[in-house]
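Asker:
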Ligand code: G1P
Ligand code: ZN
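Structure follows, in structure tokens:
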């Protein structure tokens, strides 16, 4: 045995995990005892049974390696005897979920997802349970309470070990398995998708660009797309993960995935463009000069699922987060399968997936996934699209336009106002809540309000209720405005505004989104007094 230290800590009252774990400025995590305090609270609350396995890995951002060592030493000090780590401390979030599901009791994922990294950027710690999914709110609340009351934590001096060599090391009483972060995940993808068909697509000259944004999917994308599927070498750009993501903002959207967007909307646009985020769970899908909204992407994948080997037998049901457009609802109703509407955040899909009630699910925030893991999965979505394209032999744009023709089109946009002073953002929400009762039957910008509420979700599996999940204004013609505050920001508050309207008339399926939604956007801004209250005349990001 090696010396275990019991180190006095001070209570940290700001360790309440949000929708995706505890996310703070890196410098906050670097404070003495800060990370340790939170990890001790996690381990205490998880109370892993003797002999169980813990998975540890992260997206490679600055502080990933130090934090991995700290967690390994604390796991050992807390009686955990088997830890599985991705080589170099690296694991994409979906790959971590997959590893956990293969027999671990839980896992700790180090990431702040799509937030910038580096000493001035963000860091994050998330606990996933044995099903491979983010721990439920009851768990994270208990962790927060514990973290705020902890007097000490336990950490061991381990003999030397390395995170850089694949294989098993016996480190004192700890068995440490350093695994290739990619191979098990790549095998899982090969079991779901028709790799032969996709290989043939590339062999016939199909051109793909995948932007890994200097984040974790680089090695995964190179292995799967270039090595296993034969895409041209250089298909994956920004493929080397960097601690600060090359100074970029690793969020796959039209604003931040700039290099990709320029190419895909430029004169030499390729057939297909894709990007993923810091930890590999988000995706953006582009056709040649054509953007697929994430809400549409979910709907298209659901409508075409039986073309893919892993989903050949059809879908048991689908789910989307409340602010996600209702495009997938139209598919579900045609297929005659249930469609669940959950609050924002992947964890709400977990119970439905575990209970076998849904097969596919997704969010408007560039997140799509299925029952293959318990996280959203960026590369999985890319491969799903490639498989569908290989079978249908149509372009991305043709597939989406055919989809609109069959199911109708949900015009959709999201406005984000970042770093709004917290009191101002709370003021906007309070102002909206105060109007809820008076809104129904009122005419706003020529539309009649059918209902207005603050979304409440009762989990159909465990009966738990989540309140205040976002203000909805629902119109009689099916249009909708949603307002909510982000749960993942690290500076001030982020107000998100989601605007949607459904169109089925064939002659009105080709509008520009901005034109289709102009009136509704104006209504949304005025009802919430966004400009007056925030002083912002334009959102920080518009998707
Ligand atoms: C955002 C997205 C949400 C997603 C989460 C984690 O959360 O809106 O859909 O699950 O990031 O990737 P928010 O900042 O809106 O709370
Ligand atoms: Zn992410």
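In our numbering, the protein residues as written are 339 to 881. Glycine residues also receive a C-beta, built at the ideal position from the N, C-alpha and C atoms.
#1: Buried or exposed for residue 818, please, with buried defined as at least 16 other CB atoms from any protein chain shown within 10 angstroms of its CB.
#2: Are residue 640 and residue 698 close, meaning C-beta to C-beta below 9 Å?
#3: I'd like to confirm the pairing. Which residues does DSSP put opposite residue 657 in its beta bridges?
#4: How many angstroms separate the CA atom of residue 779 from the CA atom of residue 474?
#5: May I ask you to report which of helix, strand or coil DSSP gives residue 687?
#6: Is the stretch 488-502 in contact with the stretch 676-694, if contact means three or more CB pairs nearer than 8 Å?
#7: Apart from the five residues on each side of it in sequence, which residues of its chain come closer than 8 Å, Cβ to Cβ, to residue 517?
#8: For the alpha helix (DSSP H) that residue 527 lies in, which residues bound it at each end?
#9: Taking a contact to mean a Cβ-Cβ separation below 9 Å, would you say residue 570 touches residue 545 in this structure?
#10: Can you look up residue 733 in the DSSP assignment and give me helix, strand or coil?
#11: At 3 residues or longer, and completely inside the stretch 825-857: list those beta strand (DSSP E) runs for me, N to C.
#12: Whole angstroms is fine: what's the gap from residue 455's alpha carbon to residue 461's?
#13: Can you tell me whether residue 799 is buried or exposed, with buried defined as 16 or more other CB within 10 angstroms of its CB?
#14: My assumption, with CB atoms under 8 Å, is that residue 820 sits in contact with residue 806. Please give the rounded CB distance.
#15: Less than 8 Å between the CB of residue 354 and some heavy atom of the ligand G1P, yes or no?
#16: Can you tell me whether residue 420 is buried or exposed? The criterion is at least 16 other CB atoms within 10 Å of its CB, across all chains shown.
#17: Unbroken alpha helix (DSSP H) runs of length 4 or more, entirely within the stretch 560-641: which are they?
#18: Please go through the stretch 371-413 and give each complete alpha helix (DSSP H) segment of 4 or more residues, from N-terminal end onward.
#19: Identify the continuous alpha helix (DSSP H) that holds residue 306 and give its terminal residues.
#20: Between the C-alpha atoms of residue 740 and residue 582, what's the straight-line distance to the nearest angstrom?
#21: On the DSSP bridge list, what partners appear for residue 463?
#22: Please classify residue 743: is it buried, with 16 or more other beta-carbons within 10 angstroms of its beta-carbon, or exposed?
#23: Taking the straight line between their C-alpha atoms, what separation do you get for residue 696 and residue 637?
#24: Straight-line CA distance for residue 783 to residue 850?
#25: Tell me which residues share the same chain as residue 721 and place their Cβ nearer than 8 Å to its Cβ, disregarding the 5 neighbours each side in the sequence.
#26: Among the candidates 839, 834, 787, 677, whose CA atom is the shortest distance from the CA of residue 746?
#27: Pick from 417, 755, 792: whose alpha carbon is nearest that of residue 772?
#28: State the Cα-Cα distance for the pair residue 344 and residue 579, rounded to the nearest angstrom.
#29: Look at the Cβ atom of residue 610, then the Cβ atom of residue 724, and state whether they are nearer than 9 Å.
#30: DSSP three-state label for residue 500, please.
#31: Which residue spans inside the stretch 747-798 form an unbroken beta strand (DSSP E) run of at least 3?
#32: Rounded to a whole number of angstroms, what is the C-alpha to C-alpha distance between residue 630 and residue 841?
#33: Who are the Cβ neighbours of residue 878 in its own chain at under 7 Å, not counting the five residues just before and after it?
#34: Going by DSSP, name the residue or residues bridged to residue 821.
#35: Give the C-beta separation of residue 575 and residue 597 to the nearest angstrom, bearing in mind that I take them to be a contact with Cβ-Cβ under 8 Å.
#36: Work out the CA separation of residue 490 and residue 587 for me, nearest whole Å.
Answerer: Answer, in terms of the structure:
#1: Looking at its Cβ environment, which holds 16 or more other Cβ atoms inside 10 Å, residue 818 is buried.
#2: Yes, they are a contact pair.
#3: Per DSSP, the beta-bridge partners of residue 657 are 678, 699.
#4: Distance between the alpha carbons of residue 779 and residue 474: 37 Å.
#5: Helix.
#6: Output reads no: the stretch 676-694 does not touch the stretch 488-502.
#7: Closer than 8 Å at the Cβ level, and outside the excluded window around residue 517, lie 422, 423, 424, 425, 437, 504.
#8: For residue 527, the enclosing alpha helix (DSSP H) starts and ends at 521-530.
#9: Going by C-beta atoms, residue 570 is nearer than 9 Å to residue 545.
#10: Of the three classes helix, strand and coil, the one that applies to residue 733 here is coil, per DSSP.
#11: Taken in chain order, the whole beta strand (DSSP E) runs of length 3 or more contained in the stretch 825-857 are 831-841.
#12: So the alpha carbons of these two residues sit roughly 7 Å apart.
#13: Residue 799 comes out exposed.
#14: Not really, about 13 Å apart at Cβ, beyond 8 Å.
#15: Outside the cutoff, so no.
#16: Looking at its Cβ environment, which holds 16 or more other Cβ atoms inside 10 Å, residue 420 is buried.
#17: As summarised for the stretch 560-641, the continuous alpha helix (DSSP H) elements at least 4 residues long and confined to that stretch are 596-602, 632-641, given in chain order.
#18: Within the stretch 371-413, the complete alpha helix (DSSP H) runs of at least 4 residues are 372-384.
#19: The chain is shown from 339 up to 881; residue 306 falls before or after that span and cannot be answered.
#20: Answer to the nearest angstrom: the Cα atoms are 40 Å apart.
#21: DSSP output for residue 463 lists 360, 448 as bridge partner(s).
#22: Its Cβ having fewer than 16 others within 10 Å, residue 743 is exposed.
#23: Their backbone Cα atoms lie some 14 Å apart in a straight line.
#24: Answer to the nearest angstrom: the Cα atoms are 20 Å apart.
#25: Answer for residue 721: 527, 530, 531, 536, 562, listed in chain order.
#26: Taking residue 746 as reference, the option from 839, 834, 787, 677 with the minimal CA-CA separation is 839.
#27: Minimum Cα distance to residue 772 is reached at 792.
#28: One alpha carbon belongs to residue 344, the other to residue 579, and they sit about 35 Å apart.
#29: Residue 610 places its beta carbon less than 9 Å from that of residue 724.
#30: Here residue 500 sits in coil by DSSP.
#31: Taken in chain order, the complete beta strand (DSSP E) segments of 3 residues or longer contained in the stretch 747-798 are 747-758, 785-792.
#32: Their Cα atoms are separated by approximately 17 Å.
#33: So the qualifying residues of the chain are 754, 755, 756.
#34: Per DSSP, 809, 835.
#35: About 7 Å separates the two Cβ atoms, so the contact holds.
#36: Taking the CA atoms as reference points, residue 587 sits about 36 Å from residue 490.
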